[in-house]
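J.: Next up is a structure, given as structure tokens.
2 protein chains.
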Amino acid sequence: MSLSDVVPQLFPFYHDKVEAELKGIINSNPSLLLGMLRYHMGWQDEHGHPCYEKSGKFIRPILCLLSCEVVGGETRQILPAAAAVELIHEFSLIHDDIEDASNERHHRPTVWKLWGQPQAINSGDCMLSLACLALVKLKESGIADKKIIGSTQMLAEACLQLCEGQYLDIDYEGRFDVTIEDYLSMIAKKTAKLIAVSTSLGTYLGTEDEKLVNYLYQFGKELGMVYQIHDDILDIWGVRGKTGKSIRSDISQKKKTLPVVYGLQNSKGEVRRRLEEIYLQEHIQGEDLFEVMRILEQLGARDYSQNLAKQYYHQALAQLEATGLASQNLGPLKEIARFFLERDY
Amino acid sequence: MSLSDVVPQLFPFYHDKVEAELKGIINSNPSLLLGMLRYHMGWQDEHGHPCYEKSGKFIRPILCLLSCEVVGGETRQILPAAAAVELIHEFSLIHDDIEDASNERHHRPTVWKLWGQPQAINSGDCMLSLACLALVKLKESGIADKKIIGSTQMLAEACLQLCEGQYLDIDYEGRFDVTIEDYLSMIAKKTAKLIAVSTSLGTYLGTEDEKLVNYLYQFGKELGMVYQIHDDILDIWGVRGKTGKSIRSDISQKKKTLPVVYGLQNSKGEVRRRLEEIYLQEHIQGEDLFEVMRILEQLGARDYSQNLAKQYYHQALAQLEATGLASQNLGPLKEIARFFLERDY
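Top to bottom, those sequences are chains A and B.
Residue 140 in the working numbering is what sits at position 140 of the first sequence, and the numbering runs on without skipping anything.
To convert, count from 1 in the second sequence and add 1000; that's the working numbering.
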């Protein structure tokens, strides 16, 4: 049984719950910005007609729910928190697409491409405000006030780190001296922090056991590293049309992804000179994209990246084991971890 | 004694408290985005050297503190809430400057002008996250959990309306059919809501009397209308160099401010034709700016706007009186109301 067979069977149950909650939150707000938000979520086309495009994977809210369930918490009660995590992720996507001048997401034009930058900035801000309001909704499901404030703090801190990670990501575009360490610290902020908060928030709302919250936080952090490194690999060597984003767009935008950082650090002589020459252009296009890909492959950047992702994957599993929770209960979280390592979309 | 003599004597005491709180919040976060935030606040120049530029008026947090004090609350205790209100306002300024392509604020280049749009979007997002964290800080000053959640809800709702108001403001730029009613509904969202939340939040944190909270909310709402209408007037007929923004930038960006909406609705024949001709250009510049100004003046748009501002001012005062609070205690809030109506910066 291949993973792509397993995971889609695991996700729909939670995916539907999360989507229903998100629709409730977004549609209950009679905002004029709604159309852009619903378009971004894949629920309607740019003219406001309902559509059934493939939307996001809702991987973060699903992790949040599973991490609640694994410690014996009630997932129904924490749906607004799971939705809040996704709203923060979606807000960051809308703004990142502007910042990175990305034209496509999920095989469709990005919000800024259709409505322009000003309204896209606005709709991202609106999405972030809805995340705050989602947490307030936890009152209705009987979550203690203290924990609602704790959740707000966790998510706001994740959001701060997201901004900082994105700052570094953009800053690195023009640099050649980015080390592996710099890269890891950037993705820890840009990607891993929100995933760590997704898992630990679910646990925090499902148990009073702080140790478990910490283990699940660490699990999410390691898992977030797997996710981003694998994402970097997919951008270069993924199958066109699967990921929903333009392929090799990281290279064309001169993003310092792991294979590139590794390549720049481990190339010498003529190869290094050629890489620098290509990366000194404003945009990398056409044949140069393939040349970068070939050079990185020859330097072993792909193997290096895959091995590092595997290392984080094993560290993530170790954190899960350390919880001491019954192995059969950890199954779904382990499945997701494997999906992060092996997904092709 | 002129107003400009009175108000600066009233503000510094609160201004300094708010600024100290804001510095604490912004500086306690060791973010790489800090430099941009500190620059925006007027605390350092673009190279990171401290400077003593004139910063914002902190009118919203000051209103928040005064509205707490007037109902017998402890202002020291609610400083983080006052700071949160300002952080939301500042976040919206950073993003609005991008959305409106404004080059200057407080006589200095805007954040996006110096660091580019991507990092400016990022720094606005960072400011908004800090606002959430500021509210969490209320725990330390002994505010009840229930009220912290209530505050989060009030500010998140204000933020949503802000986005919606800004959406309309941009949407109206290309339209000729904006009515006075459309305009009033737009500024109620873009400007008045956050001012209403500033006053009512202070009261909410200072008393258990819901009626007082409602009166102060209404007071802030009326006051917000005064503020924006007066701002519209200042943009056209203000003294260059006083407001810190480029003068007549609203006209040049084809913003549907009150005088313009009035002018478009109350002009006929040749005058109307000329106004439309000017407003069909992509940007309004040079001699056309002065022509719009002259036409609006002749149509009575300035008088109309001033009278409407006065009307809202009196409605604001009526809400204050309705509180039944001792008249001498209402003095500072009344002073600010008068400042809103008569300020020249």
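We put the CB at the ideal spot given by N, CA and C, even for glycine.
State the DSSP-derived secondary structure class of R1175 (chain B), mapped to helix, strand or coil.
T.: Three-state DSSP puts R1175 (chain B) in coil, outside helix and strand.
J.: State the DSSP-derived secondary structure class of Q1315 (chain B), mapped to helix, strand or coil.
T.: Correct three-state label for Q1315 (chain B): helix.
J.: Would you please state the rounded distance, in angstroms, between the beta carbons of A1083 (chain B) and A1134 (chain B)? I believe it to be under 8 Å.
T.: The pair is a contact, with the Cβ atoms about 5 Å apart (cut-off 8 Å).
J.: CA-CA distance, E1291 (chain B) and L1258 (chain B)?
T.: Straight-line Cα distance between these residues: approximately 17 Å.
J.: Might you give, ordered along the chain, the residues of its own chain that have their beta carbon closer than 6 Å to the beta carbon of V178 (chain A), omitting 5 neighbours on each side?
T.: The answer, listed in chain order, is Y172, K256, V261.
J.: Going by DSSP, what residues sit across from E1104 (chain B) in a beta bridge?
T.: Note: E1104 (chain B) sits in a beta bridge opposite B:P1109.
J.: Which residues in chain B sit within 7 Å of I148 (chain A), going by Cβ to Cβ distance?
T.: Result: I1149.
J.: For C1064 (chain B), decide whether its Cβ has a neighbour in chain A, counting only Cβ atoms nearer than 9 Å.
T.: False, the Cβ-Cβ gap to chain A never drops below 9 Å.
J.: Which same chain residues end up closer than 6 Å to Q218 (chain A) when comparing Cβ atoms and leaving out the 5 residues on each side of it in sequence?
T.: The answer, listed in chain order, is Q319.
J.: Less than 9 Å between the beta carbons of D1145 (chain B) and K1137 (chain B), yes or no?
T.: The answer is no: Cβ separation not under 9 Å.
J.: Take the Cβ of L201 (chain A) as the centre, count every other Cβ of all protein chains shown within 10 Å, and call the residue buried at 16 or more, exposed below.
T.: L201 (chain A) should be labelled buried.
J.: Considering only the beta carbon of each residue, do L194 (chain A) and H106 (chain A) sit closer than 9 Å?
T.: No, the Cβ-Cβ distance between L194 (chain A) and H106 (chain A) is not below 9 Å.
J.: Just to confirm, does P50 (chain A) get its C-beta within under 8 Å of one of the non-hydrogen atoms of the ligand MN?
T.: You won't find the ligand MN in this model; it holds no ligand whatsoever.
J.: Can you check DSSP and say which residues form a bridge with P332 (chain A)?
T.: Its beta-bridge partners do not exist; DSSP assigns none.
J.: Closest to A196 (chain A) by CA distance: which of A:L87, A:M154, A:F176 is it?
T.: Nearest C-alpha to A196 (chain A): A:M154.
J.: Name the chain B residues whose beta carbon is nearer than 9 Å to that of H40 (chain A)?
T.: The contacting residues do not exist; H40 (chain A) stays about 14 Å from chain B at best.
J.: Of all Cβ atoms in chain A, is any one closer than 9 Å to the Cβ of Y1217 (chain B)?
T.: Judged by the 9 Å Cβ criterion, Y1217 (chain B) is not in contact with chain A.
J.: Using Cβ-Cβ distances below 8 Å, what residues of the stretch 245-259 of chain A are close to chain B?
T.: Answer in chain order: no residues at all.
J.: Kindly list the residues whose CB is nearer than 6 Å to the CB of I187 (chain A), restricted to its own chain and excluding five residues on each side of it in sequence; keep chain order.
T.: Cβ neighbours of I187 (chain A) beyond the five flanking positions: Q228.
J.: Determine the extent of the alpha helix (DSSP H) in which M36 (chain A) is found, giving its start and end residues.
T.: Per DSSP, M36 (chain A) belongs to the alpha helix (DSSP H) from 34-41.
J.: Can you have a look at E1208 (chain B) and say buried or exposed, based on whether 16 or more other CB atoms are within 10 angstroms of its CB?
T.: Exposed, since its Cβ has fewer than 16 Cβ neighbours within 10 Å.
J.: Run through the DSSP bridge pairs and tell me what P1050 (chain B) is partnered with.
T.: Answer by DSSP bridge pairing, in chain order: B:Q1044.
J.: On the three-pair Cβ rule with 8 Å, is the stretch 1065-1077 of chain B touching the stretch 1095-1102 of chain B?
T.: No, the stretch 1065-1077 of chain B is not in contact with the stretch 1095-1102 of chain B.
J.: By DSSP, does T207 (chain A) sit in helix, in strand, or in coil?
T.: The answer is coil: DSSP assigns T207 (chain A) none of H, G, I, E or B.
J.: On the premise that G1220 (chain B) lies in contact with L1063 (chain B), defined as a C-beta separation below 8 Å, what is that separation, rounded to the nearest angstrom?
T.: Indeed they touch by this definition, with Cβ atoms about 7 Å apart.
J.: Is the beta carbon of G238 (chain A) less than 9 Å from the beta carbon of T191 (chain A)?
T.: Cβ distance not < 9 Å, so G238 (chain A) and T191 (chain A) don't count as in contact.
J.: Taking the continuous alpha helix (DSSP H) assigned at Q1298 (chain B), which residues delimit it?
T.: Start and end: 1287-1299.
J.: Can you name, in chain order, every residue of its own chain whose Cβ lies under 8 Å from the Cβ of G1174 (chain B), other than the five neighbours on each side?
T.: Closer than 8 Å at Cβ, skipping near neighbours: K1254.
J.: Would D231 (chain A) count as contacting chain B if we go by Cβ distances under 9 Å?
T.: For D231 (chain A), the answer is no, since every Cβ of chain B falls outside 9 Å of its Cβ.
J.: Between the beta-carbon of H40 (chain A) and the beta-carbon of V111 (chain A), is there less than 9 Å?
T.: In contact: H40 (chain A) and V111 (chain A) (Cβ atoms closer than 9 Å).
J.: Would you say N1029 (chain B) reaches chain A, if we count a Cβ-Cβ gap shorter than 9 Å as a contact?
T.: For N1029 (chain B), the answer is yes, since a Cβ of chain A falls inside 9 Å of its Cβ.
J.: May I ask you to list, following chain order, the residues of the stretch 1150-1174 of chain B that have a beta carbon less than 9 Å from some beta carbon of chain A?
T.: Hits within the stretch, in order: G1150, T1152, Q1153, L1155, A1156, E1157, A1158, C1159, L1160, Q1161, L1162, C1163, E1164, Q1166, Y1167, L1168, I1170, D1171.
J.: Measuring CA to CA, which of A:Q117, A:S249, A:L79 is closest to K17 (chain A)?
T.: If we check each option's Cα against that of K17 (chain A), A:L79 comes out closest.
J.: Apart from the five residues on each side of it in sequence, which residues of its chain come closer than 8 Å, Cβ to Cβ, to D1303 (chain B)?
T.: Answer for D1303 (chain B): no residue qualifies.
J.: What number of angstroms, rounded off, separates the C-alpha of M1001 (chain B) from the C-alpha of S1151 (chain B)?
T.: Only weak support exists for where M1001 (chain B) lies, its pLDDT of 36 falling under 50; the value from the coordinates is given anyway. Roughly 38 Å separates the two Cα atoms.
J.: So, at 6 Å on beta carbons, what are the nonlocal neighbours of L1296 (chain B) in its own chain, with the 5 sequence-adjacent residues on each side left out?
T.: Hits under 6 Å: P1259, G1263.
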